[in-house]
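**Q**
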Amino acid sequence: MTSSIVKTVCPFCGVGCGINLKVDEKGMLTGVEPLPNHPMSHGKLCEKGWSTAYAINPDNRITEPLKRIKDHFEPITWDEALDTISSSLKDVLEESGPAAVGVISSARATNEDNYAAQKLARAVLRTNNVDHCARICHSPTVAGLKQTLGSGAMTNSAKDIFATDLILVIGADPTENHSVFGGQIFEAQQKGAKLIVIDPRVTRLAKVADMHVQLRPGSNIALLNAMLHVIIKENWHNRDFISQRCEGFDELAKNVEDVTPESVERSTCVSAEQIRQVAKAYSQAKSAMILYGMGITQFVSGTQSVIGLSNLALACGHIGRPGTGINPLRGQNNVQGACDMGCLPNVYPGYQGADSTDTQAKFSQAWEGDVADQPGLTSLGMTKATLAGDFRALILFGEDPVVTDPDQNHVRAALKELDLLVVAELSMTETAKMADIILPAASFAEKEGTFTNCERRVQHITPALSPPGSAMGDWQWMKALAERLGSNQLSWLNSEEVFNEMTSLTPSYQGMSYEAIDREQGLQWPCNQDAPEGTDILHRNSFPIGKAKLIPVHYTEIDEPADDQYPLLLTTNRLHFHYGCGSMTRKSPLLEREIPPGVLFINPDDARSLKITRYAPVGVRSRRGYIETRAMITDDVPPGLVSMPYHFKEAPSNQLTNTAQDPITKMPELKVCAVAVFPL
Ligand code: SF4
Numbered sequence: 001m002t003s004s005i006v007k008t009v010c011p012f013c014g015v016g017c018g019i020n021l022k023v024d025e026k027g028m029l030t031g032v033e034p035l036p037n038h039p040m041s042h043g044k045l046c047e048k049g050w051s052t053a054y055a056i057n058p059d060n061r062i063t064e065p066l067k068r069i070k071d072h073f074e075p076i077t078w079d080e081a082l083d084t085i086s087s088s089l090k091d092v093l094e095e096s097g098p099a100a101v102g103v104i105s106s107a108r109a110t111n112e113d114n115y116a117a118q119k120l121a122r123a124v125l126r127t128n129n130v131d132h133c134a135r136i137c138h139s140p141t142v143a144g145l146k147q148t149l150g151s152g153a154m155t156n157s158a159k160d161i162f163a164t165d166l167i168l169v170i171g172a173d174p175t176e177n178h179s180v181f182g183g184q185i186f187e188a189q190q191k192g193a194k195l196i197v198i199d200p201r202v203t204r205l206a207k208v209a210d211m212h213v214q215l216r217p218g219s220n221i222a223l224l225n226a227m228l229h230v231i232i233k234e235n236w237h238n239r240d241f242i243s244q245r246c247e248g249f250d251e252l253a254k255n256v257e258d259v260t261p262e263s264v265e266r267s268t269c270v271s272a273e274q275i276r277q278v279a280k281a282y283s284q285a286k287s288a289m290i291l292y293g294m295g296i297t298q299f300v301s302g303t304q305s306v307i308g309l310s311n312l313a314l315a316c317g318h319i320g321r322p323g324t325g326i327n328p329l330r331g332q333n334n335v336q337g338a339c340d341m342g343c344l345p346n347v348y349p350g351y352q353g354a355d356s357t358d359t360q361a362k363f364s365q366a367w368e369g370d371v372a373d374q375p376g377l378t379s380l381g382m383t384k385a386t387l388a389g390d391f392r393a394l395i396l397f398g399e400d401p402v403v404t405d406p407d408q409n410h411v412r413a414a415l416k417e418l419d420l421l422v423v424a425e426l427s428m429t430e431t432a433k434m435a436d437i438i439l440p441a442a443s444f445a446e447k448e449g450t451f452t453n454c455e456r457r458v459q460h461i462t463p464a465l466s467p468p469g470s471a472m473g474d475w476q477w478m479k480a481l482a483e484r485l486g487s488n489q490l491s492w493l494n495s496e497e498v499f500n501e502m503t504s505l506t507p508s509y510q511g512m513s514y515e516a517i518d519r520e521q522g523l524q525w526p527c528n529q530d531a532p533e534g535t536d537i538l539h540r541n542s543f544p545i546g547k548a549k550l551i552p553v554h555y556t557e558i559d560e561p562a563d564d565q566y567p568l569l570l571t572t573n574r575l576h577f578h579y580g581c582g583s584m585t586r587k588s589p590l591l592e593r594e595i596p597p598g599v600l601f602i603n604p605d606d607a608r609s610l611k612i613t614r615y616a617p618v619g620v621r622s623r624r625g626y627i628e629t630r631a632m633i634t635d636d637v638p639p640g641l642v643s644m645p646y647h648f649k650e651a652p653s654n655q656l657t658n659t660a661q662d663p664i665t666k667m668p669e670l671k672v673c674a675v676a677v678f679p680l
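Under UniProt numbering, the very last position in the sequence shown is 680; numbers go up by exactly one each time.
#1: Please list the terminal residues of the continuous alpha helix (DSSP H) segment that includes ILE275.
#2: Could you check how far apart the C-beta atoms of GLY398 and SER106 are, in whole angstroms? I think they sit under 8 Å.
#3: Under 9 Å between the Cβ atoms of ILE537 and ASP160?
#4: For GLY546, which beta-bridge partners are listed by DSSP?
#5: Does the beta-carbon of LEU45, which I'm using as the reference point, lie nearer than 8 Å to any heavy atom of the ligand SF4?
#6: Measuring straight from C-alpha to C-alpha, what distance separates VAL620 and ASP636?
#7: Within the same chain, show all residues whose beta-carbon is closer than 7 Å to that of THR359, passing over the 5 residues directly before and after it, in chain order.
#8: Rounded to whole angstroms, what's the CA-CA distance from LEU420 to ARG392? Just pull it up for me.
#9: Tell me, please, whether the segment 139-150 touches the segment 508-523 by the rule of three or more beta-carbon pairs shorter than 8 Å.
#10: Determine, using beta-carbon pairs with one atom in the segment 249-268 and one in the segment 220-236, whether at least three such pairs fall under 8 Å.
#11: Helix, strand or coil for SER88, going by three-state DSSP, please let me know.
#12: Report yes if the C-beta distance between CYS46 and ARG330 is below 9 Å; otherwise report no.
#13: Is the beta carbon of LEU82 sitting closer than 9 Å to the one on VAL101?
#14: Could you spell out where the beta strand (DSSP E) holding PRO440 opens and where it closes?
#15: So does the segment 461-468 actually touch the segment 7-24, counting three or more Cβ pairs closer than 8 Å?
#16: Name the two residues that bound the continuous beta strand (DSSP E) containing MET644.
#17: Taking only the alpha-carbon atoms, compute the straight-line gap between HIS212 and LEU493 and give it to the nearest angstrom.
#18: Within this structure, are the beta carbons of LEU325 and ALA313 separated by less than 9 Å?
#19: Tell me the DSSP bridge mates of ASP563?
#20: Does PRO679 pass the burial test, meaning 16 or more other C-beta atoms within 10 Å, or should it be called exposed?
#21: Could you give the DSSP three-state label for THR30: helix, strand or coil?
#22: Could you tell me the distance, in whole angstroms, from the CA atom of THR303 to the CA atom of ALA445?
#23: Whose C-alpha, out of LEU394, ALA158, GLY342, is nearest the C-alpha of MET289?
#24: Using only alpha-carbon positions, find the residue among ASP373, MET341, PRO567, GLU496 that is nearest to HIS132.
#25: Using a threshold of 8 Å, is the CB atom of ASN333 nearer than that to any non-hydrogen atom of the ligand SF4?
#26: Answer yes or no: the CB of SER179 versus the heavy atoms of the ligand SF4, is any distance below 8 Å?
#27: For THR359, does the three-state DSSP call read helix, strand or coil?
#28: Which residues in the same chain as GLY323 place their Cβ atom closer than 6 Å to its Cβ, once the five residues preceding and following it in sequence are excluded?
#29: Would you tell me roughly how many angstroms separate the C-alpha atoms of LEU224 and SER470, rounded to the nearest one?
#30: Which residues does DSSP pair with ARG68 in a beta bridge?
#31: Extract the residue ranges of the alpha helix (DSSP H) inside the segment 589-628, only unbroken runs of 4 or more that lie entirely within it.
#32: Check whether the segment 581-593 touches the segment 422-439, counting contact only when three or more Cβ pairs, one atom from each stretch, lie closer than 8 Å.
#33: Under a three-way DSSP split, which group does ARG204 fall into?
#34: Roughly how many angstroms separate the alpha carbons of PHE543 and CYS527, rounded to a whole number?
#35: Starting from the Cα of THR572, find the closest Cα among GLU112, THR297, LEU66 and give me that residue.
#36: Go ahead and pull the three-state DSSP assignment for PRO679.
So this is what it looks like as structure tokens:
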């Protein structure tokens with residue numbers, strides 16, 4: 001064997017930076033470097049990307065299947081593991097039917113793995129109970145933008161920040177979460193783009209922004225409607241664009257007629273004067289680009305907030321041109337792909353409706369067998385159904401809901417009730433600790449497949465390393481499991497066969513091949529007969545639904561406002577040094593030393609009145625749980641608001657968070673809940 005350099009993609013955030021893995025003659029990873037000339041990252045990586053090697057180090061990995069024996073795990077063979085899983089699944093299916101089983105797939109796994117997961121669910125287990133972490137990040141984006149524009153994804157490309165006059169960042173913290181892209185926003189501002197940040201916290205971008213609108217958490221719709229009121233009243237809306245490309249303007253205008261800036265000062269905590277300024281700046285810019293994140297989506301009004309953003313962009317004609325658009329910043333590196341692959345209960349690959357008899361017939365014919373025909377459960381729906389005794393067996397890979405889902409005690413209680421919990425993982429997680437069977441998974445560096453980043457760019461990865469021990473790629477163990485269950489419907493011989501089947505059934509991916517993706521350094525969907533080179537900007541001349549829809553939205557209060565018993569609002573956030581549940585980035589001693597495991601950010605005024613001193617131990621209580629951590633006193637959060645990262649199992653902020661849900665997507669209101677904080 002000779003040494004080699006293998007091009008691949010960072011396994012962390014949705015930016016999807018290009019990296020080179022250096023491998024020596026013995027097949028050992030010796031270095032990680034940025035890939036020069038990559039279309040997203042241009043030869044740069046953030047600290048997380050540079051630290052990739054720790055996450056996949058064999059010393060940190062699960063290397064063989066494990067079976068729970070009372071309170072510990074014992075190694076077993078793959079045959080024993082698959083026999084145990086299939087026999088338990090058969091029992092549950094026979095006794096309770098397909099509604100009692102489900103699959104939770106992973107935004108860290110490839111498109112091929114995710115395609116296989118939903119096929120395993122729908123064709124083999126015959127259930128639409130399939131979901132993944134988009135439920136708790138961008139499910140409102142998928143639902144909201146699908147309604148208004150016909151496509152639930154970033155409309156433009158990341159490079160457009162260098163072609164815009166104004167960047168409006170709302171409810172997102174890209175310097176922490178999408179760090180390479182966050183750096184590019186700084187650069188675009190230095191080159192002349194105006195930067196407006198709308199966020200309750202003083203983020204790093206907010207500190208340098210031309211305008212920081214520090215709104216109250218959860219008041220997005222009130223603010224957006226008041227901005228629209230000003231724009232329409234001042235005649236700053238784009239009449240030509242609206243008349244030619246949109247419908248519903250009269251109802252929209254009527255809906256915001258009385259929403260004056262003065263009328264929302266109290267609910268938003270933003271002055272009428274500043275609302276007028278931001279409305280003018282956004283509407284009068286030649287091109288303006290909206291970037292948003294979970295400060296928009298993680299509310300009971302998440303879908304309505306996404307629609308509100310869409311109304312704003314459409315009313316000003318900031319769609320379908322370079323430097324414009326509505327651009328959700330996806331969290332994990334393949335969350336766009338996991339959605340595209342149909343790992344959602346209501347859609348098949350390519351967002352083809354699961355309740356449509358045409359879709360069912362199409363997939364049933366292609367997969368040569370009946371498919372699920374009953375509505376499926378979301379991930380939180382599976383938790384609820386488990387506690388009600390209606391759901392019994394869960395296969396989960398590459399996710400850690402004990403750390404990432406709201407109300408951790410409730411999640412743990414549900415997982416304990418399952419007859420069968422299978423977890424495929426790289427290393428031990430809080431959820432894996434509760435499994436009946438743990439399967440050793442291959443990492444991104446050990447398999448072939450594709451990832452789709454936040455700008456819809458599909459990138460091809462090839463293996464640089466062999467998986468440690470008997471670890472296996474996800475679609476491969478799903479294929480073996482399907483065979484145990486009597487199905488040969490997952491009988492692919494390699495990843496390219498999975499990809500080719502998927503593209504043949506997914507209209508927006510139809511023109512792609514591994515060879516074309518490699519040649520073009522990634523292809524942005526839709527890539528098909530009409531757009532063989534891919535599509536950098538959606539909706540240039542038309543929308544997939546004909547005219548775009550302007551849909552009135554109404555402000556609703558957050559589910560759990562502060563009160564006498566719980567007088568502060570808690571918001572959750574991410575930190576630059578970690579990613580998701582921390583199971584990968586926390587393997588790095590370099591990243592681990594940067595921030596203590598768990599911290600509560602609190603304003604000096606609140607700290608003073610509660611007699612909390614710098615880095616003092618504090619207790620934090622909500623209606624659902626209690627945790628202890630340490631206080632970091634900072635003006636970055638306003639009085640009345642405290643903030644906690646969710647990466648740390650030692651201080652799991654999701655013990656506190658609220659499960660109240662957006663009625664459309666079942667997105668829980670992770671972004672804000674009421675808490676009491678006290679010194680210990
Ligand atoms: Fe790029 Fe995100 Fe990886 Fe950082 S974590 S290197 S920004 S893909």
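Even glycine gets a Cβ: it sits at the ideal position worked out from N, Cα and C.
**A** According to the structure shown:
#1: It spans 272-284 - the alpha helix (DSSP H) in which ILE275 sits, taken as one unbroken run.
#2: 3 Å
#3: yes
#4: PHE543
#5: yes
#6: 19 Å
#7: TYR348, GLN352, GLY353
#8: In this structure, the alpha-carbon of LEU420 lies about 7 Å from that of ARG392.
#9: no
#10: yes
#11: Helix, per DSSP.
#12: no
#13: With respect to VAL101, LEU82 sits apart: the two C-beta atoms are not nearer than 9 Å.
#14: 437-440
#15: yes
#16: 641-645
#17: 53 Å
#18: The sequence given here has Gly at residue 325, not Leu. Yes; because the gap between Cβ atoms is below 9 Å, this pair is in contact.
#19: Paired residues: none, contrary to the question.
#20: exposed
#21: DSSP places THR30 in strand when its eight states are reduced to three.
#22: 35 Å
#23: ALA158
#24: MET341
#25: yes
#26: At least one heavy atom of the ligand SF4 is nearer than 8 Å to the Cβ of SER179, so yes.
#27: THR359: helix per DSSP, three-state reduction.
#28: If the five residues before and after GLY323 are omitted, its C-beta is found closer than 6 Å to the C-beta atoms of ASP160, ALA163, THR164, SER287, MET289, all from its own chain and listed in chain order.
#29: 53 Å
#30: PHE73
#31: Taken in chain order, the unbroken stretches of alpha helix (DSSP H) that lie wholly in the segment 589-628 and span 4 residues or more are 589-592, 604-610.
#32: yes
#33: helix
#34: 16 Å
#35: THR297
#36: strand
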